[in-house]
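FYI, the UniProt record's numbering numbers position 111 of the sequence shown as 111, with every residue one higher than the one before it.
Input: a single structure, listed below in structure tokens.
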Amino acid sequence: MLEDRQTAPSAVPWPASYPQGYAVVDVETTGLARDDRIVSAAVYRLDARGEVEDHWYTLVNPERDPGPVWIHGLTSDVLEGAPLFADIAEEFAARLEDRVLVAHNAVFDWSMIAREYARAGREAPVRQRLCTIALSKELRLPLANHKLESLAAHFGVVQQRAHHALDDARVLAEAFRPSLLAAARDGVRLPLLECLPLTEWTDRAAPRTGRPGAGRAAGGYPSGSWRPSRKRPACPYPNPGRYEPGKQLKQGMRIAFSGDTSVERDLLEDRAVEAGLHVATSLSRLTSLLVTNDPDSGTSKVVKARQFGTPVVDEAAFGQLLGNVEPA
Numbered sequence: 001m002l003e004d005r006q007t008a009p010s011a012v013p014w015p016a017s018y019p020q021g022y023a024v025v026d027v028e029t030t031g032l033a034r035d036d037r038i039v040s041a042a043v044y045r046l047d048a049r050g051e052v053e054d055h056w057y058t059l060v061n062p063e064r065d066p067g068p069v070w071i072h073g074l075t076s077d078v079l080e081g082a083p084l085f086a087d088i089a090e091e092f093a094a095r096l097e098d099r100v101l102v103a104h105n106a107v108f109d110w111s112m113i114a115r116e117y118a119r120a121g122r123e124a125p126v127r128q129r130l131c132t133i134a135l136s137k138e139l140r141l142p143l144a145n146h147k148l149e150s151l152a153a154h155f156g157v158v159q160q161r162a163h164h165a166l167d168d169a170r171v172l173a174e175a176f177r178p179s180l181l182a183a184a185r186d187g188v189r190l191p192l193l194e195c196l197p198l199t200e201w202t203d204r205a206a207p208r209t210g211r212p213g214a215g216r217a218a219g220g221y222p223s224g225s226w227r228p229s230r231k232r233p234a235c236p237y238p239n240p241g242r243y244e245p246g247k248q249l250k251q252g253m254r255i256a257f258s259g260d261t262s263v264e265r266d267l268l269e270d271r272a273v274e275a276g277l278h279v280a281t282s283l284s285r286l287t288s289l290l291v292t293n294d295p296d297s298g299t300s301k302v303v304k305a306r307q308f309g310t311p312v313v314d315e316a317a318f319g320q321l322l323g324n325v326e327p328a
């Protein structure tokens, strides 16, 4: 890929605050829920300026049905002889250690990785992550949407096998490097977020052991209800009012969600509650913020948000806001 003189490494006065190395990661999974498992993982290690140092890829036996085979292409037969996550945890950790984890919708990849390490009785050696969706927004890239293929096309990166962890990680690494150079050139502060490893884990589901496929009904969907409903404790902070665009969220704000999310809704709600926010099941004049990836939809919450003038942000922007919530 050609670079212009403005983004050539030698021409960039490199910001001293930028990280010293990155681990560009992609994981393919059995689904999006908190009890889903990783079926493959890839890491491209990059130096401080985004140059590739090496790469690594592995299949992972999820000890259950592989989920959306039509997306990732990994069948039960292929995964049956693959290593368990506990078997590759040390090697994976060595690839991540002392680096910023970079991923497209990084909160999802990080959450899946953190839960796998917790199941294995370990902690992932990651302290910061960087989402390339958030970075593309900081750079104001003229993208039609925030899919990986759109980011790749913008930088002229050719995808060879979409939803294959190794190729997706390669594509992201190749798109991240010019993004990083552009950020350095323009003095953009990288949207780094803290990663808090899980220290313990209990699967809500009944144990699934044996070859992939055990514990699920035909068609790849769970048999029965394995995710019990939860009643969250009341938010201890008063509602400070509406979110003001460009400012921080504040503890006690009422947050509503509408429509599909790339990260499981329970996980997003858990993160909001942990940050001291009030998760509302409906939208009213008291709602501080609506989170939706489809602000033009006709759902009741979106319609009410328009009527009440409730601020609206998408899932990626909400993830960034969660990283710096103002105390009550």
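Note that the Cβ used here is the ideal one computed from N, Cα and C, for glycine as well.
State the beta-bridge partners of THR58 as determined by DSSP. ALA41
| said: I believe PRO191 touches LEU130 by the beta-carbon criterion, under 8 Å. Please report the beta-carbon distance rounded to the nearest angstrom. | reply: About 6 Å separates the two Cβ atoms, so the contact holds.
_Closest to ALA118 by C-alpha separation, out of GLU194, ALA152, LEU139 and ALA93, would be which residue?_
ALA93
**Asked** With 16 as the cutoff for other CB atoms within 10 Å, does residue 344 come out buried or exposed?
**Response** Lying before the first or after the last residue shown, residue 344 is absent from the chain, which here runs from 1 to 328.
For this session: Report the residue ranges of all alpha helix (DSSP H) runs contained in full by the UniProt domain "BRCT" (247 to 325); include only those spanning at least 4 residues, in chain order.
Result: 265 to 274, 300 to 308 and 315 to 322
field: Anticipated Cβ contact below 8 Å, ALA165 with ALA41, distance rounded
entry: 6 Å
Q) Do you know how far the Cα of ASP167 is from the Cα of GLU53? A) 16 Å
Q. By a C-beta neighbour count over all protein chains shown, 10 Å radius and 16 as the cutoff for buried, is TRP70 buried or exposed?
A. exposed
By the DSSP assignment, the alpha helix (DSSP H) with VAL100 in it spans what residues?
No alpha helix (DSSP H) contains VAL100, which is instead part of the beta strand (DSSP E) from 100 to 103.
Exercise. How is ASP26 classed by DSSP in three states: helix, strand or coil?
Worked result: strand
| request: Check the DSSP bridge columns for GLY21 and list the partner residues they point to. | output: ASP47
Anticipated Cβ contact below 8 Å, GLY252 with GLY276, distance rounded | 7 Å
Legend entry - Short Cβ contact (8 Å threshold) for LEU289 with ILE255: yes
Open item on the list: Comparing C-alpha positions only, which one of LEU180, ASP270, PRO62 and ARG34 sits nearest to ASP109?
Closed with: ARG34
Quiz item: chain B beta carbons: is any one of them nearer than 8 Å to that of VAL69?
Solution: Any reference to chain B falls outside this structure, which holds one protein chain only.
Starting from the C-beta of ARG285, find all residues in its chain whose C-beta is less than 7 Å away, skip the five residues before and the five after it, and write them out in chain order. If the five residues before and after ARG285 are omitted, its C-beta is found closer than 7 Å to the C-beta atoms of PHE308, all from its own chain and listed in chain order.
Practice problem: With a 10 Å radius around its C-beta and 16 neighbouring C-beta atoms as the bar for buried, classify PRO13 as buried or exposed. | Solution: exposed
Residue ranges of each alpha helix (DSSP H) within the segment 95 to 168, 4 or longer | 106 to 119, 132 to 138 and 148 to 154
Give the C-beta separation of LEU267 and VAL188 to the nearest angstrom, bearing in mind that I take them to be a contact with Cβ-Cβ under 8 Å.
Between VAL188 and LEU267 the Cβ distance is about 28 Å, and since that is not below 8 Å, they are no contact.
Q) To which residues of the same chain is LEU321 closer than 6 Å at the C-beta, ignoring the five residues directly before and after it? A) LEU249
Quiz prompt | VAL52 (DSSP reduced to helix, strand or coil) | solution = VAL52: strand per DSSP, three-state reduction.
Determine the direct distance from the alpha carbon of VAL325 to that of SER223, and round the result to whole angstroms.
Low confidence applies here, because SER223 scores a pLDDT of 28, under 50, leaving its location unreliable; read the following figure in that light. Distance between the alpha carbons of SER223 and VAL325 is about 38 Å.
Whole-number beta carbon distance between GLU28 and VAL39, since they are thought to touch under 8 Å
Indeed they touch by this definition, with Cβ atoms about 5 Å apart.
Straight-line gap, GLY259 to ASP87 (C-alpha atoms, nearest Å)
37 Å
Can you tell me where the alpha helix (DSSP H) with GLU194 in it begins and where it stops? Careful: GLU194 lies outside any alpha helix (DSSP H), inside the beta strand (DSSP E) at 192 to 194.
**Request:** Give the DSSP-derived three-state secondary structure of ARG177 in the structure shown.
**Result:** helix
Cβ-based neighbour list, ARG211, same chain, cut-off 6 Å, excluding 5 preceding and 5 following: Confidence at ARG211 is low in this model, with a pLDDT of 44, below 50, so the placement of that residue is unreliable and no value is reported for it.
Exercise for the section: Could you tell me the boundaries of the alpha helix (DSSP H) in which ASP65 lies? Expected result: Careful: ASP65 lies outside any alpha helix (DSSP H) and carries neither H nor E.
- Item | Straight-line gap, THR292 to PRO327 (C-alpha atoms, nearest Å) | Roughly 24 Å between the two C-alpha positions.
Worksheet item: Is it right to say LYS301 is buried, meaning 16 or more other beta carbons lie within 10 angstroms of its own, or is it exposed?
Response: Residue burial is scored here from C-beta neighbours: LYS301 has at least 16 other C-beta atoms within 10 angstroms and is therefore classed as buried.
request  = Starting from GLU80, trace the alpha helix (DSSP H) both ways and give me its first and last residue.
outcome  = 76 to 80
> Helix or strand or just coil, what does DSSP make of PRO13?
Replying inline: DSSP, read as helix, strand or coil, puts PRO13 in coil.
query = Excluding five sequence neighbours on each side, which residues of the same chain lie with their C-beta closer than 6 Å to the C-beta of ALA103?
reply = VAL25 and ASP109
Practice problem: Could you give the DSSP three-state label for ALA234: helix, strand or coil? | Solution: coil
Q.
Please return the same chain residues whose Cβ sits closer than 7 Å to the Cβ of ALA173, not counting the five positions on each side in sequence.
A. If we look at ALA173 and ignore the five residues flanking it on each side, its Cβ neighbours are VAL24, TYR44, LEU46 and VAL52.
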